[in-house]
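2 protein chains.
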Amino acid sequence: MKNLDKIFYPRSIAVVGATENKFKWGSFILTNVLDGGFQGSVYPVTRSSATVYGRNACASVRDLPQPVDLVFITTPAVTVLEVLRDCASRNIKDVVMITSGFSEAGDEGRVLEKAVVDYADGNGINIVGPNTMGIVNTANRLYATGTLVRPMKGGISIIAQSGNVGSQIMEWAERQNVGIGKFIGSGNEGVIRCEDYLEYLDRDKDTSVILVYIEGLDDGRRFMEICRQTTLRKPVIVLKAGRTLAGSQAAASHTGAMAGSYRTYESALRQSGVIVAQNPTDLLYLSSAFDSLPLPRGNRVGVITLGGGWGVITADECEERGLVLPPLPPDVYRKLDSMLPPFWSRGNPVDLVGQPDRKLYLEATYAMAASEAFDAVIILGIVGSAKFALRIHETVMRMGYASREDLVELEKLFAGLQANFLDIIIDLMEKYRKPIYPVSVVPWPDDKMVYAKEGKRYKVVIHKTPEEAVFCLERQFEYSSYLKKRSS
Amino acid sequence: MKNLDKIFYPRSIAVVGATENKFKWGSFILTNVLDGGFQGSVYPVTRSSATVYGRNACASVRDLPQPVDLVFITTPAVTVLEVLRDCASRNIKDVVMITSGFSEAGDEGRVLEKAVVDYADGNGINIVGPNTMGIVNTANRLYATGTLVRPMKGGISIIAQSGNVGSQIMEWAERQNVGIGKFIGSGNEGVIRCEDYLEYLDRDKDTSVILVYIEGLDDGRRFMEICRQTTLRKPVIVLKAGRTLAGSQAAASHTGAMAGSYRTYESALRQSGVIVAQNPTDLLYLSSAFDSLPLPRGNRVGVITLGGGWGVITADECEERGLVLPPLPPDVYRKLDSMLPPFWSRGNPVDLVGQPDRKLYLEATYAMAASEAFDAVIILGIVGSAKFALRIHETVMRMGYASREDLVELEKLFAGLQANFLDIIIDLMEKYRKPIYPVSVVPWPDDKMVYAKEGKRYKVVIHKTPEEAVFCLERQFEYSSYLKKRSS
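Heads up: the sequence lines are chains A and B, in that order. So the first sequence is numbered by the working numbering: it starts at 1 and just counts up by one. So the second sequence is numbered by the working numbering: it starts at 1001 and just counts up by one.
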């Protein structure tokens, strides 16, 4: 197993190719590291100027005042062998090679990459890349990618064979309060391969869920073996791109990856307990679910809805995905029957017929969460629905029949009630160890997907549509069933 | 065919049950109509107070100073027969019955609904509902629903058998600049049925695309017949909920609709040229695509991407949905070969290898749009990508090496360049009559999905993910093929 500790936990860093030209990689990495809160030493390396962003620059790695733990290389492909020799001369064994123009760029690059890999292997040098968009470790605020995206700290770690797909996922994570542990743009994987990162993250105590975007694998067998081990400890979610002929041809020209038959891949992944995703959106939703929620013990879903139509749509989605909506057990039925109007739905989904009545939806939530009849609960339209009430108030205010002060009060009231409801959902998940999925249906654009409460094991994931929630629940159930089978 | 003109184009309105209690339906409808910009006369009707929101109230419809074109009823179910008699006495023939507690609420309600329907039929009264969330006609700014959502004017009209699903779609439309024509919450369809609205919208010159959310149909055969006629003139997009046993049981308790076999439905819908959706998100994406973009003549897609991974994902999605990525024709190849670095992808997708170089992506866009080899073009990551550049500038600014003034300038510059690119896309769509789908991939939350330019037939729809764009393109191709088959 490769030891990647110095890559993720360096005490000191050098950036070769450092520059104040802000639209170059030597500036991206340097500014991201400096501005991102990394606490170790950071050395710009360049021959072009004496200082970079106010820091004294060294002309080469040989001139560094101390041998650093990790070197980022951003200079052109023709220079990297010399930089590697400089690293070796200072006993530096860990490198992130941003530089492109290797095997992804044709025959000449392929020859150069082989020389780089041979040199690294011969001198015991670990290389991330080449042609990588960089790495992140939120634990020490080491943000070292080209896109300057800085998601918050959390348990989801990402291995991406594509820089732009990786950036996309991290940008979403940042925007939605989805916590990230480590990120690796694995690039051409000349020295350290996808499987090595996976093996490392398997052991990483800061990582609770692993996301992998792959276009091709050099050693598919080893990857599957590691997956089979890792999935016993933490969920592994994989998006394999290049599934089709068109896709694999595109992948071949992109990372040079040779795609195998996707059916073979997919069946091997599933047999290894991997959760298979189709696209980056899936990756984001699935990782949030697996990182935040308890696993369901079975496939029986209780649905509470503020409106009938959403209940119908959710029931369809559940059944189409192999989840079932059992009838309400007698105790839940009696409880709800005593509270709801006489024409209530008398079944699952429980339709609150448009009444955002707090006592009602709280009691329904308590009853459904506590019931042994359900392995998971989906709640449609309670979270977010206060926004309609605010809209009503705003209208009446514009007409001159309500005050801005009242609106501010109402906003505070609703925000407090919603936060309280989310806290209750967390408490219920902690108590009953079953996932509860609130779906906001009409979210405001600035809403975050993940809501966390200090000191709690579980977090709330707020979905915008029933189909997203049901999709995640199905995959949670699949993984839960896999674990049950493996342990028996 | 039912004449619904007075429902959508009333010169005068009365709201029965008008109240200043802002969380009651009598206030929702009245404030929405008054604050929404409706230019006709509006009369509150109530016995409880002499004025409502500053307007003199009438005690009953009989007391109105003039017979209005349209009456909204929000009073309890037991009162509606009397109100209908009042309407008849003033020769008022058009009613929107918000009131619930009818067939959706059990046997007693069913009896009452029958009485209402019989009275309406006997007296030639048109009723929207009962149990409707209201109607909208943007042409005359008649916003008369309970949720106070006010999407902008446009060509998409909606018939929804569920109020909350309808609200959800309209709220999204409002947020994403998706233009709406008419909206009908059809409720229990006691008198006017889904098919009647469809027939009316078929003839409506303000409607270019029709969305339908249905849980059940009383006369499926007539619905299909109307669809078959309408789809020759404009796209009809249908979400049929209650596809599964669980879903149809939920639907039965919701609208009382008896669901038929979904397979029968789906095949009849497809044979009638209907575009079939699975969930409300589909409805929104599909309606924007059909309302904004030219139809593709075939299934050959050209892809331009800022990053390799997105290209791979898009190629997979295309092939999995029956679309093809033909090789680049010689003229396009030569053009791009003269501009791109020697290691470019030399194929379709055209990978701009991370260079957001304006000349490059413009030339690629011109060449792909003009080429006879492609029926549609997908462009990944150009729109939206400037945001990464702004992020870079912000970082350097925080470090003290760039100014806020420069940032403001840069923001203006990028916004201008992006708007210009979107204008170019519109021009190219007008010129070549083929859809061009930009995908922003990393959108900001406040981004709008639809970009329009005054005086142009087509609009740009900006998707957030490749899979959304490919999904819409597939359905456009399906409809285009259907029309070709029908016309031959």
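Note that beta-carbon positions come from the ideal geometry of N, C-alpha and C, so glycine has one too.
Check whether residue i and residue j have beta carbons under 8 Å apart
i, j, result
"A:D375", "A:H393", "no"
"B:L1034", "B:V1042", "yes"
"A:V191", "A:I127", "yes"
"A:G490", "A:R141", "Nothing can be reported for residue 490 of chain A, as the shown portion of chain A is limited to 1 through 488."
"A:E174", "A:R150", "yes"
"A:R233", "A:D202", "yes"
"B:A1139", "B:N1032", "no"
"B:V1383", "B:Q1355", "no"
"B:G1302", "B:E1474", "no"
"B:V1083", "B:G1134", "no"
"B:I1125", "B:I1098", "no"
"B:V1068", "A:W310", "no"
"B:V1178", "B:G1154", "yes"
"A:P235", "A:Y479", "yes"
"A:T19", "A:S48", "yes"
Residue i (DSSP reduced to helix, strand or coil)
i, result
"B:F1028", "helix"
"B:D1316", "helix"
"B:T1138", "helix"
"B:G1129", "coil"
"B:M1097", "strand"
"B:F1471", "helix"
"A:I192", "coil"
"A:V116", "helix"
"B:T1092", "The residue you asked about is not Thr; residue 1092 of chain B is Ile in the sequence shown. The answer is coil: DSSP assigns B:I1092 none of H, G, I, E or B."
"B:N1056", "strand"
"B:Y969", "With chain B covering 1001 to 1488 only, the question about residue 969 of chain B has no answer from this structure."
"B:L1390", "helix"
"A:A364", "helix"
"A:I210", "strand"
"B:V1276", "strand"
"A:T79", "helix"
"B:L1239", "strand"
"A:S48", "coil"
"A:Y458", "coil"
"B:F1343", "coil"
"B:F1023", "coil"
Cβ separation of residue i and residue j, assumed to be a contact under 8 Å, to the nearest whole Å
i, j, result
"A:S287", "A:I214", "With 8 Å as the limit, A:S287 and A:I214 do not qualify as a contact, their Cβ atoms being about 15 Å apart."
"A:F290", "A:Q476", "7 Å"
"B:P1438", "B:A1373", "Rounded, the Cβ-Cβ distance is 20 Å, inconsistent with contact."
"B:A1369", "B:V1332", "That pair is no contact at about 10 Å."
"A:I64", "A:R90", "Before going on, a small fix: residue 64 of chain A reads as Leu here, not Ile. Correct: roughly 7 Å between the Cβ atoms."
"B:A1246", "A:A315", "4 Å"
"A:K464", "A:V441", "7 Å"
"B:K969", "B:N1137", "The question about residue 969 of chain B has no answer, for chain B in this structure spans 1001 to 1488."
"A:L390", "A:F414", "7 Å"
Residue range of the alpha helix (DSSP H) that includes residue i
i, result
"A:K431", "404 to 432"
"A:I7", "5 to 8"
"A:L284", "280 to 292"
"A:P438", "Note, A:P438: premise wrong, no alpha helix (DSSP H); beta strand (DSSP E) at 436 to 439."
"B:S1267", "1262 to 1271"
"A:K335", "330 to 337"
"B:I1169", "1163 to 1175"
Residue i - containing beta strand (DSSP E), residue span
i, result
"B:F1183", "1180 to 1185"
"A:I378", "376 to 380"
"A:T305", "301 to 305"
"A:I158", "153 to 160"
CB contact below 8 Å: residue i versus chain C
i, result
"B:V1396", "The structure shown contains no chain C; its protein chains are A and B."
**OP:** Pull out every residue of the region 150 to 177 of chain A whose Cβ sits closer than 9 Å to any Cβ of chain B, in chain order.
**Re:** A160, Q161, S162, G163, N164, V165, G166, S167, Q168, E171, W172, R175
Problem - Interfacial residues, the region 403 to 421 of chain A to chain B, with Cβ spacing under 8 Å - result: none
- Message: Please identify, using Cβ separations under 9 Å, the residues of the region 349 to 362 of chain A that lie next to chain B, in order along the chain.
- Response: P349, D351, V353, G354
Exercise. Looking at chain A, which residues of the region 1454 to 1486 of chain B have a Cβ within less than 7 Å of any of its Cβ atoms?
Worked result: T1465, E1467
| Near-chain B residues of the region 87 to 106 of chain A (beta-carbon distance less than 9 Å), N- to C-terminal order | S100, G101, E104, A105, G106
Listed in chain order, which residues of the region 1368 to 1389 of chain B have Cβ atoms closer than 8 Å to some Cβ of chain A? G1381, F1388, A1389
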